[in-house]
Amino acid sequence: MRVRGGHEIDRRTPIRFTFDGRVIEGFQGDTVASALMAAGVRLVGRSFKYHRPRGLVTAGSDEPNALVTTGQGAEQRPNTRATMQEIWPGLEVQSQNRWPSLSIDAMAVNDLVSPFLGAGFYYKTFMWPRSFWEKVYEPAIRRAAGLGALSGDSAADRSERAFAHCDLLVIGAGPTGLMAALTAARAGADVILADENTRPGGRLLSERIEVGDEPGAEWAARAAAELAAMPNVRILSRTTVTGAYDGGTFGALERVALHAAPGAAPPECFWRIAARRAVLAAGALERSIAFPSNDRPGILMAGAARSYLHRWGVTPGKRVAIFGNNSDIYRTAKDLSAAGVEIAFVADTRPGESGKGDWPVFQDARVVATRGRRGLSGIKLDHSGGTAQLRADALLVAGGWNPAVHLTCHMNGRPVWDEAIAAFVPAPGAVPGLIAAGAAAGRFSTAACLADGVRAAGEALEELGYSLRGRPDLPEAEDAPYDITPLWTVKAPGRAWLDLQNDVTTKDVRQAAQENMTSVEHMKRYTTQGMATDQGKGSNVQALAVLADATGRGIAATGTTTFRPPYVPVPIGAMGAGARGEGFAPRRLSPTHAACVARGAPMIEAGLWMRPSYFPRDGERDWRESCDREVGHVRHAAGVADVSTLGKIDVQGPDAGRFLDFVYANGMSGLAPGRVRYGLMLREDGHVMDDGTAARLGDAHFLVSTTTAAAAQVMAHMEFVQQAYLPDLDVAFSSVTDAWAQFAVAGPRARDLLDRVLDRPVSWDGWPFMSCGDVSVGGVPGRLFRISFSGELGYEIAVPARYGGALFEALVARAEDMGGGAYGMEAMNVLRLEKGFLTHAEMHGRVTAFDIGLQGMLSAKKDFIGKGAAARPGLLDATRERLVGLRAVEPEDRIVAGAHLFGETGSEGYVTSAGFSPTLGGFIGLGFLRNGPERYGERLILKDRLRRIEAKVDVVAPGPFDPEGGRMRG
Amino acid sequence: MVELMAQSPVSSRLPLEIGGVTLALAEPGRVTWVAVRDDGALASALEEEVGCGLPTALRSTTASGLRLVWHGPGQVLAIGALPSALAGLPMTDQSDGFACLALSGHGARDVLARLTPVDLRGHVFPVDGAARTLLGHMTATLIREGDAAWLCLVPRSMADSAVHDLTRAMEGVAGRATL
Amino acid sequence: MRIECPHCGERDLREFTYRGHALALSRPSEGASAEEWDDFLHNRDNPAGATQDLWRHDPCGAWLVAERSTTTHQVRATRAVRGGEA
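Same order as they appear, the protein sequences are chains F, E and L. Reading the first sequence from the start, the letters are residues 1 to 970 in full-length UniProt numbering. Reading the second sequence from the start, the letters are residues 1 to 179 in full-length UniProt numbering. Reading the third sequence from the start, the letters are residues 1 to 86 in full-length UniProt numbering.
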């Protein structure tokens, strides 16, 4: 029901939205919760397990019942708290977890079978027959319970993530936080002030409290305005700090644009904040009292009712009853009455006179029963004078306050029980650099909060090295003592609810204790209390109290479980904003990318790079046809392939050769300038890390090449070796992978092709196999290497990357003139297989130089990475799986990578690479086989059970084509 | 003789302006990676020749037509005409190793804050500051050329991805202004 | 989590790669036995308390040793790697 007041709403701007298809009118500034309350809608959801009718309980992010779904399709957001969702015109809201409707929910039958669904029910029931659990019971139970649903559409990826840095992060902008921020900001510190609500003020927005001589809400607005005007302050409103992490890092979720229709603004932003210090001024959360049927719609927290009244001008009922164990009950009655709401009664659990008003006041009172399934209608009360049965359509409960300690527990801390306020408070230092203050530290009066904010900021400033200047004057404010007599439960017949989200009752906790789940960790998991999306914000302490009572211990001795991030649920779409599709990982594009795409080459991922698979020509039916043709180009004419993606590391300095001697297994320092050498790099454990070439461009200048995928790893390895083992060597290196475009030009006509692009004719006799030097192409300085991965007469030509696209076009056009052309990854693979050249398919991380027949490359003359471990006898055992070549016996048979090689003893090896060789007319491959090199000529059975392939294969020396290498060395 | 036309490192059309922030491709001419040893002689020679010294970590030094950027322990990136004082040192041409993206405008810092974890506040990252850090998932060098002007050097092969990420960040920042 | 690079200052964890214990800096000399290599490569203590990590600051390529508590996760100090020290 709407009453007067409510400083958060603008009554001049009505807004219409729908709830379960029904049009509801509210005002600008209303949340779905306050608007529903104004419209008299009491039923907002059905509980998780028993589908009990439920209404609003709180006014904040700790709301356990009013979980709704907003939006549709790509914008659908389930499990939104109605208390945190501001309304906008056309907003569509649906209640959850009910069928067919909220008022008639067929699954409420669960409530009737609740005796079978108590704590740990799945350990005791639904167990027979055994197979039924997985096929029948569990799916049915899952369908019958649950929260919101996804639409099934891909979520729109419009959220963002951002980083921020500050000296002081102030968490919460109530009186404590505002004073802390003012203190720190005036001293010159960089401050970020984060608050969950639409505007700063915290609890001041929900109470009739004066600060200085003005209403608290106005004082808060003035303080916020002063802060907003300071260049060293950033205010993040609608922002919940969700987690405290190591090293002063915090996560926070900002609801940027959820209060408006979807548009250009990101709906949410997930912040990562690096703060040198932080003040936790997150306030306190009110807790309930567990009495029978305390979960009816219309039963709310008293503090929440004051929020609804002062912030949005709404009351939860026309005739309101109030029940509690502390003086808040009297304040609540006065506030509501002043707004014209009828007070049914005030029931104080404490004995003796505490407060008076124009309404009945009961002492030593206990609510023992309530009436009204779809909404409260009546209350039965035991009190010092007897029993009373009274009408009311709302019951406000004030069970006391729990400081919001959650963030202080995120690094495995536990809070400390404070008997004086009957609540847990943060343990100091639980999160290094995080200082709790105000209600979050157990100080509840407004004056205490204001002072504590200054105190906490002062501590932080001192640690940060700022001097306190312009310390804000402390305005006057109420300093009433916190007058509470703890009462956690009312012992009377009927289920009393603790965890409203997971439907856990006091009986469940007592049952857990009875079944010897006496540890609070066991009780939690056995009953699921505290395991819902609110992490037990409204039930933890009461549940502990019940457990403590049931096990004859005090609360302090019972202890508490811990809290983990996030404090409120964070959508994956916010935490991973921008990381879908193209944003998932950087794509590395070669200078020929556009040219390859223009030629219709399918581009495949090779790590982060995109590489052309093959270059289809008109009339070709499938990739094999293109691949076979491209192999033919290289074997018979001239082929051009882009090898720009291979790693290139420029190594310079007088000690460059010595350095490379240490990282390569074979020697490099003896390489003459102008020559290129194949090199093998081992890991320190003696296994192969990578192979590549080193070209000596000058006395103190090498260019090292690596496999595409290993470039970054080799670079990091070289940096480690230099810094850790050889810091005194005069050598420096940098990655030049991106700086150079490089092309393989291979085939019997490779020289003719190069002659047509080089600026000056080259005397080919002066370029022996494995040589290098400078050349010029189109006036551009380039490099030429005589190396071959295809086994044909081959060169690689390199120019600065900006000319790569143009050089590729020039080479390919001239190659096509000669009956050749471009070739891609598929053909590259076939060509090297025909020669037995290895890739990381063979050097897969568990092979040694010995395994691949390169034991001879390991130098005896110098130490190098991996030398010691490679000499271990187990790595030199002849029976190890060692490299062999394979040929399919029947021309129509396939060899596939991953297949096993079966001999007489079973699987004796496996295939690492395979392909169809048009040159040899059948499938060939490489693999590893026990005693491999000793078994050439043997016939084995290849089996791939997943793809149901079986074939006879002959074991041969790797690289059956031109085994002497005459074609490439000539 | 073959004619080789140079290509841009980015495929999209730049400059691009969104919400008052401009993303452009900078073409700073020559970029040279140089291995330096921190000795007084080299610094003096540089000072003498061009009027700026060697940059310390997190900084760059400037002279007419030249910026020397700290690029790692013992490494400097020379953007612009190479001073002869550096001759003889190990060096390699990195003009094509990086794409230089220039981000400027009132919201430029906010845009970068979406992508880089490094502290961009003025007193930590002043004008002429230079940081080796991350931009999205890629390694980048960020140089602050002015109060609201930044240069991002990313590996050339990742230029299109960098433009994609920066564009998305610019859209997000501009989108907030519509609220 | 934040780690201090000796050159670049304090940076977010995502700029770093972890390699393992700083024992990797005490590489056995040439001719060491297979047992010494096995120990160097594979055997590590697992203390509840202070440990020495090797981290690489990826953007600048600097390797550093960080003293970290395995129980509180606090990084107490970092220094640049120098040859031969653990």
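Just so it is clear, CB atoms sit at the ideal spot from N, CA and C, and this is done for glycine as well.
Ignoring anything shorter than 3 residues or poking outside the stretch 411-456 of chain F, list the beta strand (DSSP E) runs there in chain order. 416-418, 423-425, 434-436
Residue 835 of chain F - containing alpha helix (DSSP H), residue span: For residue 835 of chain F, the uninterrupted alpha helix (DSSP H) run begins and ends at 825-835, by DSSP.
Residue 73 of chain L in three-state terms, based on DSSP: coil
In whole angstroms, what separates the C-alpha of residue 697 of chain F from that of residue 705 of chain F? 13 Å
Quick check on residue 1 of chain E: buried or exposed, where buried means 16 or more other Cβ atoms within 10 Å of its Cβ? Looking at its Cβ environment, which holds fewer than 16 other Cβ atoms inside 10 Å, residue 1 of chain E is exposed.
Would you kindly report the start and end of the unbroken beta strand (DSSP E) that includes residue 150 of chain E? 149-155
Of the choices F/877, F/573, F/518, F/582, whose alpha-carbon is the least far from that of residue 269 of chain F? F/573
Are residue 925 of chain F and residue 883 of chain F touching if we call contact CB-CB under 9 Å? no
Name the DSSP bridge partner or partners of residue 165 of chain F? F/274
By the 7 Å beta-carbon criterion, what residues does the stretch 150-181 of chain F contribute toward chain E? 160, 161, 162, 163, 164, 165
Contact the stretch 53-61 of chain F vs the stretch 9-18 of chain F: 3+ CB pairs below 8 Å: At 8 Å Cβ cutoff, the stretches do not touch.
Within chain F, the residues that residue 25 of chain L reaches when beta carbons sit closer than 9 Å: Neighbours of residue 25 of chain L on chain F, chain order: 724, 725.
Is the Cβ of residue 12 of chain L closer than 9 Å to any Cβ of chain E? yes
Return no unless some Cβ of chain F is closer than 9 Å to the Cβ of residue 61 of chain E. For residue 61 of chain E, no CB of chain F lies under 9 Å from its own CB, so it is not counted at the interface with that chain.
Which partner residues does residue 588 of chain F have in the DSSP bridge list? F/609
Return yes when the Cβ of residue 454 of chain F is within less than 9 Å of the Cβ of residue 474 of chain F, no when it is not. In this structure, residue 454 of chain F lies closer than 9 Å to residue 474 of chain F by Cβ.
Residue closest to residue 1011 of chain F, alpha-carbon to alpha-carbon, out of F/92, F/963, F/827, F/863: The question about residue 1011 of chain F has no answer, for chain F in this structure spans 1 to 970.
Determine the chain F residues that contact residue 138 of chain E at a beta-carbon separation under 7 Å, and present them in chain order. 586
Out of E/179, E/175, E/136, state which residue places its alpha-carbon closest to the alpha-carbon of residue 166 of chain E. E/136
Neighbourhood of residue 686 of chain F by C-beta distance below 7 Å, restricted to the same chain and skipping five residues each side: 848, 866, 869, 870, 872, 875
Would you mind listing the alpha helix (DSSP H) stretches within the UniProt domain "SoxA A3" (494-578) of chain F that are 4+ residues and don't spill past its ends, in chain order? 506-514, 520-527, 540-551, 555-558, 572-575
Residues that residue 93 of chain L contacts on chain F, provided the C-beta gap is smaller than 8 Å: Because chain L here runs from 1 to 86, residue 93 of chain L falls outside it and cannot be looked at.
Taking one C-beta from the stretch 27-37 of chain F and one from the stretch 78-90 of chain F each time, how about it: are there three or more such pairs within less than 8 Å? The stretch 27-37 of chain F vs the stretch 78-90 of chain F: in contact.
Applying the 10 Å Cβ sphere with the 16-neighbour rule, what's the burial state of residue 85 of chain L? With a pLDDT of 42 at residue 85 of chain L, under the threshold of 50, the modelled position of this residue cannot be trusted; read the value that follows with caution. Classification of residue 85 of chain L: exposed, given that the 10 Å Cβ count is below 16.
Would DSSP call residue 84 of chain L helix, strand or coil? Since pLDDT at residue 84 of chain L reaches only 41, below the 50 mark, its modelled position is unreliable, and no value is offered.
Any heavy atom of the ligand ZN closer than 8 Å to the beta-carbon of residue 708 of chain F? The model on display carries no ligand, and the ligand ZN is accordingly not part of it.
Residue 259 of chain F, DSSP secondary structure in three states: coil
Would you verify that the beta carbon of residue 804 of chain F is, or is not, closer than 9 Å to some beta carbon of chain E? yes
Can you check whether the C-beta of residue 108 of chain E is within less than 9 Å of a C-beta belonging to chain L? no
I need the boundaries of the beta strand (DSSP E) containing residue 79 of chain F, first residue and last residue. 77-81
Alpha helix (DSSP H) containing residue 165 of chain E: first to last residue? 159-176
Answer with buried or exposed for residue 263 of chain F, where buried requires no fewer than 16 other C-beta atoms within 10 angstroms of its C-beta. Exposed, by the Cβ-count rule.
Using 8 Å for Cβ pairs, my map puts residue 974 of chain F next to residue 935 of chain F. What's the rounded Cβ distance? Beyond the ends of chain F as shown, which are 1 and 970, falls residue 974 of chain F; an answer cannot be given.
Proximal chain E residues relative to residue 4 of chain L, where beta-carbon distance stays under 8 Å: In chain order: nothing, as chain E lies at least about 12 Å away.
Cβ neighbours of residue 118 of chain E in the same chain (closer than 6 Å, five flanking residues each side left out): 131, 133
Residue-chain proximity (residue 9 of chain E, chain F), Cβ-Cβ < 9 Å: It does: the Cβ of residue 9 of chain E has a partner Cβ on chain F nearer than 9 Å.
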